[in-house]
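Asker:
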Amino acid sequence: MAEQPQPHEEGGASPKHESLMEKLADKLHVGGGKGDSSSSSDSDNDQRPRPSAPPAPPADEVKQPSFSDSAATAAAEAKVKVFRLFGREQPIHKALGGGKPADVFLWRNRNISAGVLGGATAIWILFELLGYHLLTFVCHGLIFSLGVLFLWSNASSFIHKAPPKIPEVIIPEDLVVNIALSTRYEINRAFANLRQIALGRDIKKFLVVIVGFWLLSVLGSCCNFLSLVYIVFVVLHTVPVLYEKYEDQIDSYGEKGWIEIKKQYAVFDEKVLSKVPRGPAKDKKH
Numbered sequence: 001m002a003e004q005p006q007p008h009e010e011g012g013a014s015p016k017h018e019s020l021m022e023k024l025a026d027k028l029h030v031g032g033g034k035g036d037s038s039s040s041s042d043s044d045n046d047q048r049p050r051p052s053a054p055p056a057p058p059a060d061e062v063k064q065p066s067f068s069d070s071a072a073t074a075a076a077e078a079k080v081k082v083f084r085l086f087g088r089e090q091p092i093h094k095a096l097g098g099g100k101p102a103d104v105f106l107w108r109n110r111n112i113s114a115g116v117l118g119g120a121t122a123i124w125i126l127f128e129l130l131g132y133h134l135l136t137f138v139c140h141g142l143i144f145s146l147g148v149l150f151l152w153s154n155a156s157s158f159i160h161k162a163p164p165k166i167p168e169v170i171i172p173e174d175l176v177v178n179i180a181l182s183t184r185y186e187i188n189r190a191f192a193n194l195r196q197i198a199l200g201r202d203i204k205k206f207l208v209v210i211v212g213f214w215l216l217s218v219l220g221s222c223c224n225f226l227s228l229v230y231i232v233f234v235v236l237h238t239v240p241v242l243y244e245k246y247e248d249q250i251d252s253y254g255e256k257g258w259i260e261i262k263k264q265y266a267v268f269d270e271k272v273l274s275k276v277p278r279g280p281a282k283d284k285k286h
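Using full-length UniProt numbering, the first residue of the sequence shown is number 1, and each one after it goes up by one.
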């Protein structure tokens with residue numbers, strides 16, 4: 001008789017078959033098909049972190065000036081906006097021409113400035129208070145100097161001393177030419193301004209010049225030419241140094257005064273100057 005298969009053997013064959021199929025499926029899944037491998041690699045690549053570009057700096061850090069640069073710029077802008085007398089944009093030293101004359105006027109060297117002012121004061125006392133005349137003073141000074149040098153030169157052999165060393169004074173040609181050219185330029189510019197004023201093209205400048213000449217006439221009636229020169233000399237040695245010391249305060253008061261003058265001039269222009277007939281804008285060419 002044929003032996004009947006045992007039930008437990010059938011049950012044992014099915015687990016072996018399933019285990020074999022699972023092994024084949026695992027092999028195919030791991031390294032079998034190209035499509036599966038490519039899809040798995042793509043998914044891996046998608047999930048793998050990619051190197052990113054370095055982060056861009058914030059907008060406020062790109063080419064932003066430093067604090068010192070911004071502070072310097074703000075200070076420069078504020079300095080430009082500050083009102084200065086007579087529209088001055090340069091320091092006082094440069095406005096006075098710079099060099100040694102400006103140093104004397106601003107008392108950069110107290111000894112030199114005091115000596116110059118003292119000499120000017122002595123000359124004013126000598127000519128104004130004592131009644132000495134300029135030509136007489138020059139002649140007496142030359143007589144005294146030449147007499148002393150002449151006697152010293154002739155007596156040097158008797159007193160066994162070296163004769164005086166008198167320097168040779170020669171005025172350079174370039175200096176004279178430059179002074180003449182500068183004087184010529186200033187005179188021509190003054191004549192051109194006076195011509196423009198006489199043609200009636202600038203009423204504001206006309207009033208300024210008229211007031212200036214009137215003040216000079218008043219000063220001339222109060223004192224002579226020498227006293228006027230001395231007053232100007234003293235002003236040049238006192239006003240600039242005081243202005244440099246209290247520049248901000250003086251400019252503040254000057255700004256207020258200038259605003260008030262402009263208001264008064266606007267009223268005067270509206271009531272008087274606008275009604276005055278003016279000359280032609282340009283010269284007529286025939």
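Even glycine gets a Cβ: it sits at the ideal position worked out from N, Cα and C.
What you are looking at is a predicted structure, and each value in this text was computed from that prediction instead of being measured.
1. Kindly list the residues whose CB is nearer than 8 Å to the CB of Gly220, restricted to its own chain and excluding five residues on each side of it in sequence; keep chain order.
2. Consult DSSP for Ala190 and reduce its assignment to one of helix, strand or coil.
3. Tell me whether Lys161 sits in a helix, a strand or coil according to DSSP, three-state version.
4. I need the straight-line Cα distance from Ser182 to Pro240, nearest angstrom please.
5. Would DSSP call Ala266 helix, strand or coil?
6. By how many angstroms is the C-alpha of Ala114 removed from the C-alpha of Tyr243?
7. Classify Phe144 as buried or exposed, calling it buried when 16 or more other Cβ atoms lie within 10 Å of its own Cβ.
8. When burial is assigned at 16 or more other CB atoms within 10 Å of the CB, is Val272 buried or exposed?
9. Please state if the CB of Trp124 and the CB of Tyr230 are separated by a distance shorter than 7 Å.
10. By Cβ distance, which residues of its chain are closer than 7 Å to Pro164, with the 5 residues on each side in sequence left out?
11. At the level of alpha carbons, what is the spacing between Ser157 and Gly119?
12. Could you check if Leu226 is buried or exposed, using at least 16 other CB atoms within 10 Å of its CB as the buried criterion?
13. Return the CA-CA distance between Ser252 and Pro91, expressed in angstroms with no decimal places.
14. Expressed to the nearest angstrom, what Euclidean distance is found between the alpha-carbon atoms of Ala162 and Glu168?
Answerer: By the coordinates alone:
1. Counting from one through the sequence shown, the residue named residue 220 turns up at place 220. Cβ neighbours of Gly220 within its own chain (closer than 8 Å, five residues either side excluded): Leu228.
2. Taking the first residue of the sequence shown as position 1, residue 190 is located at position 190. Helix at Ala190.
3. Here residue 161 refers to the residue found at position 161 of the sequence shown. Note: Lys161 maps to coil in three-state DSSP.
4. The residue given as residue 182 occupies position 182 in the sequence shown. The residue given as residue 240 occupies position 240 in the sequence shown. If I take the Cα positions, the gap works out to 24 Å.
5. Residue 266 sits at position 266 when you count from the first residue of the sequence shown. DSSP places Ala266 in helix when its eight states are reduced to three.
6. Within the sequence shown, numbered from 1, the residue matching residue 243 stands at position 243. Within the sequence shown, numbered from 1, the residue matching residue 114 stands at position 114. Going from the Cα of Tyr243 to the Cα of Ala114 covers about 18 Å.
7. Locating residue 144 in the sequence shown gives position 144, counting from the first residue. By the neighbour-count rule (16 or more Cβ atoms within 10 Å), Phe144 is not buried but exposed.
8. Within the sequence shown, the letter at position 272 stands for residue 272. That one is exposed.
9. Against the sequence shown, residue 230 aligns to sequence position 230. Against the sequence shown, residue 124 aligns to sequence position 124. Contact: yes.
10. Locating residue 164 in the sequence shown gives position 164, counting from the first residue. Closer than 7 Å at the Cβ level, and outside the excluded window around Pro164, lie Leu149, Trp152, Ser153.
11. Here the question's residue 157 lines up with position 157 in the sequence shown. Here the question's residue 119 lines up with position 119 in the sequence shown. Answer to the nearest angstrom: the Cα atoms are 36 Å apart.
12. Within the sequence shown, numbered from 1, the residue matching residue 226 stands at position 226. Exposed.
13. Against the sequence shown, residue 252 aligns to sequence position 252. Against the sequence shown, residue 91 aligns to sequence position 91. When rounded, the distance between both Cα atoms is 17 Å.
14. The count along the sequence shown starts at 1 and reaches residue 162 at position 162. The count along the sequence shown starts at 1 and reaches residue 168 at position 168. Within the model, the alpha-carbon separation for Ala162 versus Glu168 is close to 17 Å.
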